[in-house]
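Q: The working numbering applies: residue 1222 is where the sequence shown begins, and numbers increase by one. Let me give you the structure first, and then I'll get to my questions.
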Amino acid sequence: NIAQLKKQWQADIIPAEASEQLAKDIDEFIKFRREVVRLARESTIDAVKEWGWNEANLQNREALNVSLNKVAAEYETLVKKRMAVAATMGNRVLKVIYWSVGFVVAALLAGLVIVQRGFAHPVVELKASMMALASGNRDAPIHGTDRNDEIGDMARTLVEFKTAFENEETRRLQEKDDQ
């Protein structure tokens, strides 16, 4: 319905001047159409043609087309501006996403380094000490005894095993010498 479209345009973001002119042209067109319908019901087709196809009514329709084209151009400009704003906002959002992903990756890498240095490397050193002791190397250093965590507890326990093993070995050698 043209009248409903007119209300939407007036409520939308069309410059007041273009909206007012369009509203006037639409009102004139509605009057013209109503008169055409009235004449069609009450008179002959020839009377409708004679009234509808005169210079004044042709100018009315032409003015409506000019107003519609002007509003369409205004909308096109408005859409282009809003698309530019949306593109700018989209670029900003992408930058935030890229920086966020970069931050998360950096945090993960930092976490991996911390885990590797704080946990994995000491466990590997402790394992090497255990393997050396198991292969008979009593002089192998036991790393991590200065730590105040579970790895330090394991390293100190390994020192106790080493000491107990050395004490047992010394006792056997003494028994052997005593015999």
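Even glycine gets a Cβ: it sits at the ideal position worked out from N, Cα and C.
Mapping DSSP to helix, strand and coil, what is residue 1357?
A: coil
Q: Taking 7 Å as the limit between beta carbons, can you name the residues of its chain near residue 1276, skipping five residues before and five after?
A: No residues qualify anywhere along the chain.
Q: Within 10 angstroms of its Cβ, does residue 1297 collect 16 or more other Cβ (buried), or is it exposed?
A: exposed
Q: With burial defined as no fewer than 16 other Cβ atoms inside 10 Å of the residue's Cβ, what is the status of residue 1360: buried or exposed?
A: Exposed is the label assigned to residue 1360, since fewer than 16 other Cβ atoms lie within 10 Å of its Cβ.
Q: Pop quiz: residue 1376 and residue 1366 are said to be a contact at Cβ under 8 Å. What is the actual Cβ separation, rounded to whole angstroms?
A: 4 Å between Cβ atoms; contact.
Q: Cα-Cα, which of 1301, 1380, 1224, 1329 is closest to residue 1351?
A: Of 1301, 1380, 1224, 1329, the residue nearest in Cα terms is 1380.
Q: Among the residues of its own chain, which have a CB less than 6 Å from the CB of residue 1343, if the five just before and after it don't count?
A: 1365, 1372
Q: Does DSSP put residue 1275 in a helix, a strand or coil?
A: Residue 1275 sits in coil when the DSSP states are folded into three classes, being neither helix nor strand.
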